[in-house]
Amino acid sequence: MLGRIKAGVKRLLGIQKNPAQAEAAATEVVRRRPRFEDQDGKPLRDDDRPARPAGRREDGRPERPRRSAEGGGDGRGPRRERTPREGGNFEGGGEGRRERGPREGGEERRERSRDGGREGGRGRERDRGGRGPRDREEREPREAIVNVAPVPPPPAPPVPEGPYPEKFEILGLSPAVLAAIRETGYETPTTIQERAIPVVLQGRDVVGASQTGTGKTAAFALPTLSRLGAPGTFRCLVLEPTRELAAQVVDQFEKYGKHTGLRVLLVHGGVGYEKQRRGLQEGVDVVVATPGRLLDFMKDGTADLGKIDVLILDEVDRMLDMGFLPDVRRIIERTPATRQTLFFSATMPPQIQSLAEFALKEPESIEIGIRFSPAETVSHYVYPVAGDQRQELLMAILKQTHFESLMIFTRTKMQADQLYSALQQEGNYKAAVMHSDIRQSERERALKGFRDGEFEVIVATDLAARGLDISGVTHVINYMVPENSEDYVHRIGRTGRAQKEGDAYTLFSAEELPNVESVERLINQKIPRRKLDGFSYKYTTVLDDEARAKAILTGRSKKKSPRRR
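When you line the sequence shown up against the numbering used here, it's residues 4 to 568, in that order.
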């Protein structure tokens, strides 16, 4: 096309080739002229066209040798098969067309949301600084599936003889479970345990709601272990929203089931598949799992829920907050209709009613205490402060407070890291930090160290606010008022457990006044305001006049506008 344009321009300008160039060009045209035209350029009839010589093209030039799959011809070797690019494969429908492959990290994307790495829904950890491993987590490559043969269940071990704790014995628990309760030192069941255990032993569905720290885990673990009896097949599934909660429930099942011989397996994301797959294939009685990883094992056929007798959904409201409802429904649909289903949670918001109707059959409702009510042994105080003095006030409160074990809750991971760094620089506190961007092994070390007394202060996001059994916490500090008032109940539920006294402090600025009022409405009490003695406050309206601060915040003036005449 470009040559034709050049030739047209030359003709318009009257530029002619010299005779030698013109003759060479004419010779080249004749040489390249196809064989089916004569010398004058007239086309030949089909019968008059000469046969094309072997190995020659229509214009007489040598034909390029073709490669076969086995090679040869042009000396370039065998033809290579076109391989799909990483992350996709080639299908029909046009040259170069590529079909999109599976999204990278799909399982871990589900799990961290679901396991606390990504905090989703209204309980998520908000951090504008970047995306961490979801609920958040370390992404692990999939290993090649290696199948192992099932192992016969072990015989039940001998059960220690009585006497057993009388108040637990009258509830109908098995001797093996009673022996474990005796060894833990418990003598009297809590209210939720006293009411739930007999109902669960009857095989009925249960919806249980109680305040945090009232022994909810034992309320479903003790009767379930008694019902399962001797070791056999995979018959009990417990779903938990986070890895930490799942690990804690496994510890409880192993502690109370030590004389039953029942095999308990922990299944969660953030770690490799092989160990968990081997445990499922060799045989297990109780599986405590997070939804994302369990769905992966269901998909590849490793986990079969066809013989489930007991399905336990723990911290149901938290699972809904984190967006697990579709996954939970898929799991429920794969279990037998004859199963027993137990719902246990510290709170039971109305949103789970549809799930309860879907999963439960004529359940027994057991609600202990006022819904969303914190423990009565916790003292609440709020500290007004200017937004830019929040960290300074927190450090001053720590210096004037005698505490044995303290938890500081933040809204974001960035705030948690900043406070942890400030505590490290202070040098007077043994502190740890815990949020979803921290590796699983480090989170476990921080949690264990805080329980064992290695750390006296732990800074955490809401990842640690739900259900974790941490005894001996004397103080809880909210660095900011939780955006969701229900989270306040869960946070301060880390202290005042098992009828022990505790203190809960919350720092707030004028912008958080609506959140403070929301918390007060939820727990149905006015929280006392406090000012720290000796602290040099910057002036802010919320220190002296909350009503005026709220009016300024909402853009309204306290002065009444004059009436129009």
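For each residue, glycine too, the CB sits at the ideal point set by N, CA and C.
DSSP places threonine 557 within a helical segment (H, G or I) once states are collapsed to three. Using a 10 angstroms sphere on the CB of histidine 405, the tally of other CB atoms stays under 16, which defines it as exposed. With at least 16 other beta carbons inside 10 angstroms of its own, alanine 222 counts as buried. Inclusion of valine 462 and isoleucine 411 in the CB contact set at 9 Å is warranted, their separation being smaller than that value. Rounded to whole angstroms, the gap between the alpha carbons of methionine 437 and alanine 449 is 7 Å. Looking at the backbone, the Cα of serine 357 and that of glutamate 523 are separated by about 28 Å.
Excluding sequence positions up to five before and after proline 244, its CB lies within less than 6 Å of the CB of Glu318, Arg321, Met322 and Met325, all in the same chain and listed in chain order. Taking the Cα of glycine 235 as reference, the smallest distance to any Cα among Pro329, Tyr491, Arg266 and Tyr482 is reached at Arg266.
Distance from the CA atom of alanine 362 to the CA atom of lysine 278, rounded to whole angstroms, is 31 Å.
Beta-bridge partners of asparagine 487 (DSSP): none assigned. The segment 300 to 318 and the segment 331 to 343 touch, with no fewer than 3 CB-CB distances between them shorter than 8 Å. Using a Cβ distance threshold of 9 Å, leucine 283 and alanine 306 count as a contacting pair. Here the alpha carbon of isoleucine 371 sits roughly 35 Å from the alpha carbon of glycine 273. In this structure tyrosine 384 is exposed. Its beta-carbon is surrounded by fewer than 16 other beta-carbon atoms within 10 angstroms.
Valine 331 and glycine 309 have their C-alpha atoms roughly 16 Å apart.
Its Cα nearest to that of proline 161, the residue Ala182 stands out among Ala182, Pro226 and Asp547. Residue range 343 to 348 is occupied by the beta strand (DSSP E) that includes phenylalanine 346. Contact fails between the segment 488 to 496 and the segment 389 to 400, because fewer than three Cβ pairs, one in each stretch, are under 8 Å apart. In the DSSP assignment, isoleucine 461 falls within the beta strand (DSSP E) that extends over 460 to 463.
Only residues of its own chain outside the window of five on either side were considered, and among them Ile371 have a CB closer than 6 Å to the CB of threonine 194, listed in chain order. For the segment 173 to 229, the full-length alpha helix (DSSP H) segments reaching 4 residues or more read 178 to 187 and 194 to 204 along the chain. Here the alpha carbons of valine 154 and aspartate 303 stand approximately 20 Å from one another. With distances taken between CA atoms, histidine 262 lies nearest to Leu225 out of Leu225, Thr293, Arg532 and Asp548. Taking the CA atoms as reference points, proline 517 sits about 33 Å from glutamine 427.
Cα atoms of glycine 211 and leucine 510: separation of roughly 33 Å, rounded to the nearest angstrom.
In this structure, threonine 413 keeps its C-beta atom at 9 Å or more from the C-beta atom of serine 439. Here DSSP, grouped into helix, strand and coil, assigns serine 382 to strand. Counting only residues of its own chain and dropping the five nearest sequence neighbours on each side, phenylalanine 458 has a CB closer than 8 Å to the CB of Lys433, Ala434, Ala435, Ala449 and Gly452. Relative to isoleucine 530, the option among Ala507, Phe538, Ala550 and Asp536 whose CA is nearest is Ala507.
Going by C-alpha positions, arginine 14 is about 14 Å away from leucine 5.
Boundaries of the beta strand (DSSP E) harbouring serine 368: 367 to 370, taken from the DSSP string.
Cβ atoms of valine 202 and glutamate 367 come within 8 Å of each other, at about 5 Å.
Scanning its chain for C-beta atoms nearer than 8 Å, with the 5 sequence neighbours on each side dropped, one finds around alanine 359 the residues Val210, Phe346 and Pro366, in chain order.
Burial state of tyrosine 542 is exposed, judged by a 10 Å Cβ sphere holding fewer than 16 other Cβ atoms. Exclusion of the five residues before and after valine 180 leaves Leu225, Leu228, Ser229, Tyr259, Gly260, His262 and Thr263 as the residues of its chain whose Cβ lies within less than 8 Å of its Cβ. Here leucine 409 carries a strand assignment [DSSP, helix/strand/coil].
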